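Report on the following structure.
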Ligand SMILES: NC(=O)c1ccc[n+]([C@@H]2O[C@H](COP(=O)([O-])OP(=O)(O)OC[C@H]3O[C@@H](n4cnc5c(N)ncnc54)[C@H](OP(=O)(O)O)[C@@H]3O)[C@@H](O)[C@H]2O)c1
């Protein structure tokens, strides 16, 4: 495949929610590479045909027989299937020198793809986007951050392709992919867990919202606004920021019947101590006292 040839063919194995959306976006937003969809391979022909009609291009297939060559192979099966599917693709002998094989998993690197030898190029591109509704994603994808890693030749072309559909591409090292994914879970999934835990604590305190409204909603929304409007550090308020060790001690005591809640409170409190140190409102001595209280609570002393 030469960059002088601006027409690229793309086949997708696993055109579900993410796959069919990306294929449609690639064909709708042409860039220096003119993408045409070759084959759409799903587990069932019915599903592949449905994806083809959504995309408006491509030939549906339900197995790896009669695969046609393509410049780019997008593997968008569930994560657990990617390695086996890429092995089957390699063994099918359809891959040519210089073809690109990629997946879009957030937790796996391109190393999971069947080794290329001197043959094809491997990459992974993780769009930080929820493809729950493909129709909506066609409108909402633009502005999505995309983590790109893999062989330089492949990442250069894929960065161009994903940028053309509105992706904000950034480079990631293969051996840091899992840590990167843990960070996304911390920001997204664990945030939900934390908000849910705060509701349980509120209920344990006897506060029962009769209307079903979340009493913390304005506080949470305001805090998030402050976080994104600041450098992150200045958004911290509350007893640790002020150095109020007696308040922290009382909180820890109030949680003694819930060691699991106490553990979360203490671990996150230690992160807050580090932020408060950077802020400089509380003295070193106050923060040391708080740090000791949190450490003892974490170890249930
Ligand atoms: N969804 C998201 O929000 C999102 C976001 C970022 C990254 N991703 C990544 O995108 C990938 C796909 O996720 P998804 O949510 O789009 O999955 P999905 O909606 O469940 O779609 C998976 C597709 O893979 C097909 N498939 C499964 N096993 C196959 C096999 N052995 N051979 C061929 N096709 C096979 C399925 O075919 P049938 O329809 O015939 O069953 C289905 O069309 C994953 O790696 C995921 O981590 C997803």
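Numbering (this note's numbering), first residue to last: 3 to 303.
Beta carbons: idealized from backbone N, C-alpha and C, even for Gly.
Since this is a predicted model, take the numbers as computed values, not measurements.
Around the beta-carbon of residue 101, 16 or more other beta-carbon atoms lie within 10 Å, marking it buried. Taking a 10 Å sphere around the C-beta of residue 103, we find 16 or more other C-beta atoms and assign the residue as buried.
Under the DSSP assignment, residue 36 falls in the beta strand (DSSP E) whose first and last residues are 36-43. Following the DSSP letters along the chain, one finds residue 302 in no alpha helix (DSSP H), marked with neither H nor E.
Fewer than three pairs of CB atoms, one per stretch, sit closer than 8 angstroms, so the region 133-140 makes no contact with the region 161-177. With contacts defined by Cβ atoms closer than 7 angstroms, residue 264 and residue 207 do not form a contacting pair. Each of 97, 127, 129 was checked against the Cα of residue 119, and the nearest Cα belongs to 97. Inclusion of residue 25 and residue 14 in the CB contact set at 7 angstroms is warranted, their separation being smaller than that value. If you keep only unbroken alpha helix (DSSP H) runs of at least 4 residues inside the region 217-280, you get 219-231, 241-244, 247-256. Shortest gap from the CB of residue 44 to any heavy atom of ligand 1: under 6 angstroms. With fewer than 16 other CB atoms across the displayed protein chains lying within 10 angstroms of its CB, residue 89 is exposed. Of the heavy atoms belonging to ligand 1, at least one sits nearer than 6 angstroms to the Cβ of residue 81. For the pair residue 261 and residue 250, the CB atoms are not nearer than the 7 angstroms cut-off.
Where residue 170 is concerned, the enclosing beta strand (DSSP E) starts and stops at 170-173. Under the 10 Å beta carbon count, residue 185 is surrounded by fewer than 16 other beta carbons and is classified as exposed. For residue 211, there is no enclosing alpha helix (DSSP H), as DSSP marks it with neither H nor E. Contact check for residue 162 and residue 35: beta-carbon distance about 6 angstroms, within the 8 angstroms limit, so the pair qualifies.
Spanning the alpha carbons of residue 183 and residue 229 requires a straight line of approximately 21 angstroms. In the DSSP assignment, residue 105 falls within the beta strand (DSSP E) that extends over 102-105. Secondary structure at residue 20: helix, using DSSP grouped into helix, strand and coil. Take residue 45, set aside five residues on each side of it, and the residues of its chain with a beta-carbon closer than 7 angstroms to its own are 64, in chain order. Under DSSP, residue 183 shares a beta bridge with no residue.
Shortest Cα-Cα distance from residue 145 to any of 152, 165, 160 involves 165. For residue 80, there is no enclosing beta strand (DSSP E), as DSSP gives it neither H nor E. With a cut-off of 6 angstroms, the C-beta of residue 19 is classified as near ligand 1, since at least one heavy atom of the ligand falls inside that distance. Counting of Cβ neighbours within 10 angstroms places residue 211 among the exposed residues, the total staying below 16.
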